[in-house]
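Here's the structure we're looking at; comments come further down.
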Amino acid sequence: MEIKVITIDFWNTLYDSSGGELRNHYRQRILFEQMDKSGVWVKKDEYDAAMKSTWEYFENIWTKEHRTPSAEDCLEHMWKFLKLPGDQEAKNIVIESFEDCILEHPPKLLDGAEEILFELSQKYQLALVSDTGFSPGTILQELMKRNDIMKYFSAFSFSNETGVAKPHEKAFRTALEPFSIDPSEAIHIGDIEQTDIVGAKNFGMGAIRFTGSETEYVIVRNPTESRADHWAASWEEIGDILL
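Residue numbers for the sequence shown follow my numbering, beginning at 373 and rising by one.
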């Protein structure tokens, strides 16, 4: 069938993962400031161990239950790990730092993405399908506004809003619902085989596996074989496939 809608992944497809260390330092600084006010001293190695445990907690739920814990859920895990006092005001401030750290130290929009998004939007409807981490969909949308690319998208599916993560079909169905089309009339672009590609193909969509911003995490976990209909190593190659 003729493609009418393109859905696009956020992390390492539209944006890279740069700034991660700065975001972690920002979260750490806010937590330390709040604990200092409470007269509690947290050592850096304790914080590092707590953050490692928190990411493991997040990934376990993400991969096994196909949903993404909220920043509040993750912070509650970290709070218990560090045995911190139950100061709700301090918790709320730290939760906010977890959510908005992406605006303080943003990742980069990938090279060529803005130009190709403009061209794609002249021919197709565009939607975003994202498994969210600490930052919810509203924060990701704010980043997209700052980069002046929100205007190209007509629909959004964020795991913190839908309650499911890719490859769950609801993640893709939510993105396509506004367009009243058959899944075969849509194609998804994403970097992770088991979530982006398998999820889209199982739902009846086409799929493009994007390799232009692969992290070590993705490289280690992605199989060399793929169910994708196409591969693209850059946004220029996405343009070659779809324009």
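Virtual Cβ for every residue (Gly too), placed ideally from N, Cα, C. Values in this document were obtained by computation on a predicted structure and should not be read as measured data.
- Around M516, the same chain offers M522 as residues with beta carbons nearer than 7 Å, after the five sequence neighbours per side are excluded.
- Assignment of W451 by DSSP, reduced to helix, strand and coil, places it in the helix class.
- Burial is judged here by how many other beta carbons sit within 10 angstroms of a residue's own beta carbon; M450 has at least 16 and is buried.
- For V377, there is no enclosing alpha helix (DSSP H); the enclosing beta strand (DSSP E) has its first and last residue at 377–380.
- In this structure A600 touches I580 by the C-beta definition: roughly 6 Å separates them, less than 8 Å.
- The Cβ atoms of Q406 and I488 lie no closer than 7 Å to each other.
- Taking a 10 Å sphere around the C-beta of W413, we find fewer than 16 other C-beta atoms and assign the residue as exposed.
- Contact annotation: A443 and F470 have beta-carbon atoms nearer than 7 Å.
- Short of 6 Å from the beta carbon of E476, and not among the five residues preceding or following it, lie these beta carbons of its own chain, in chain order: Y398.
- Every alpha helix (DSSP H) of 4 residues or more that sits fully in the region 507–552 is shown, in chain order, as 509–518, 531–534, 541–548.
- Counting the other Cβ atoms within 10 Å of the Cβ of Y589 gives fewer than 16, which makes it exposed.
- For F582, the uninterrupted beta strand (DSSP E) run begins and ends at 578–582, by DSSP.
- Counting only residues of its own chain and dropping the five nearest sequence neighbours on each side, H540 has a CB closer than 6 Å to the CB of H438.
- Comparing alpha carbon positions, the residue from D612, E468, I378 closest to V501 is I378.
- If you draw a straight line from the Cα of A462 to the Cα of E448, it comes to about 12 Å.
- Closest option to P479, judged by alpha-carbon separation, among T440, S507, K415, D445: S507.
- Shown here, S606 sits in coil according to DSSP, grouped into three states, outside any helix or strand.
- Pairing S598 with W607, the inter-Cα distance amounts to about 19 Å.
- DSSP, read as helix, strand or coil, puts W413 in coil.
- Going by DSSP, Q460 is part of no beta strand (DSSP E) but of the alpha helix (DSSP H) stretching over 460–476.
- When G484, T435, L614, T510 are compared, the shortest CA-CA separation from D568 is found for T435.
- Judged by DSSP secondary structure, A499 falls within the beta strand (DSSP E) whose first and last residues are 497–502.
- Using a Cβ distance threshold of 7 Å, A527 and A547 count as a contacting pair.
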